[in-house]
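For the sequence shown, the numbering used here gives the first residue as 151, with consecutive numbering after it. All C-beta atoms in this analysis are idealised placements derived from N, C-alpha and C, irrespective of residue type, glycine included.
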Amino acid sequence: MVIVDERDYIFYGKHAKMVRALSTYFDVQNKYRFFENDLQIYILAPIVGVLYNRVAPISKDDAMMVAIALQDLNAQKVQIAYNFKLIMLVIDKESLCSKERVDRAFSGYYDPVQKGVMVERYNEYVRGGVEVLHEKLIVNSDGDYMQSLYKFLFELNNRYYKELSSEEIVAMAMSYDY
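See below:
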């Protein structure tokens, strides 16, 4: 399954500004930046959006646009499709059973209407993740970007890392209603 359309992906308005800030050098020697390119942000942002339960509508509050070229998207389409399926599997746990989420992730894209809804939902998480990354790495940095990166990674580790025994992993896997 490919969620990449036959066109560039475009960030608009405030999200374009945030993406630009995240991929711009932040030191005077132009050696350091959080992301080498906008595509890296597009790949990571939906995961961050889901982890922080943040979605955002499209923002065209000004004319700024940042485009990711179709050829760059196609070069990463396997990773993008993986992220897409992963997100379709983990969201809506309260309203959909695991079978419905699996069906949505692996076969829902055959229906053009359903695919459009799913892609827009995914893009809401992309934009939400961009907002979180911008807040955590740029806005709350006080100019010390390395410290803000450290704090963000430390927060993620404390929030989501948990050592599990193999028995706990098996028990979790067996608990899903397939």
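Distance from the CA atom of arginine 204 to the CA atom of tyrosine 310, rounded to whole angstroms, is 16 angstroms. In the DSSP assignment, no residue is bridged to phenylalanine 176.
Apart from the 5 residues on each side of it in sequence, lysine 181 sits with its Cβ closer than 8 angstroms to the Cβ of Tyr175 in its chain, given in chain order. Taking C-beta atoms under 8 angstroms as the contact rule, leucine 283 and isoleucine 197 fail to qualify, at a distance of about 10 angstroms. The continuous alpha helix (DSSP H) containing methionine 238 extends over residues 227-240. Rounded to whole angstroms, leucine 287 and valine 169 show a C-alpha spacing of 12 angstroms.
Between leucine 201 and leucine 303, the alpha-carbon positions lie close to 13 angstroms from each other. Excluding five sequence positions before and after asparagine 233, the CB atoms of its chain that fall closer than 7 angstroms to its own CB belong to Ile193, Pro196 and Ile197, given in chain order. Judged by DSSP in its simplified three-state form, isoleucine 160 adopts strand.
Scanning its chain for C-beta atoms nearer than 6 angstroms, with the 5 sequence neighbours on each side dropped, one finds around glycine 199 the residues Tyr275, Gly278 and Gly279, in chain order. Non-local C-beta neighbours of asparagine 187 in its own chain, meaning closer than 7 angstroms and more than five positions away in sequence, comprise Ser173, ordered along the chain. Methionine 215 sits away from lysine 167, with the two beta carbons spaced by 8 angstroms or more. With a 10 Å radius around the Cβ and a threshold of 16 neighbouring Cβ atoms, isoleucine 241 comes out buried.
Residue state for methionine 215 is assigned as strand, using DSSP reduced to three classes. Annotation for glutamate 281: Met168, Arg204 and Ala206 place their beta carbon closer than 7 angstroms to its own, counting only its chain and skipping 5 residues before and after. Under the criterion of beta carbons closer than 8 angstroms, arginine 251 and leucine 239 qualify as touching, at roughly 5 angstroms. The Cβ atoms of leucine 299 and phenylalanine 184 sit closer than 8 angstroms to each other.
Here the alpha carbons of aspartate 294 and lysine 249 stand approximately 45 angstroms from one another.
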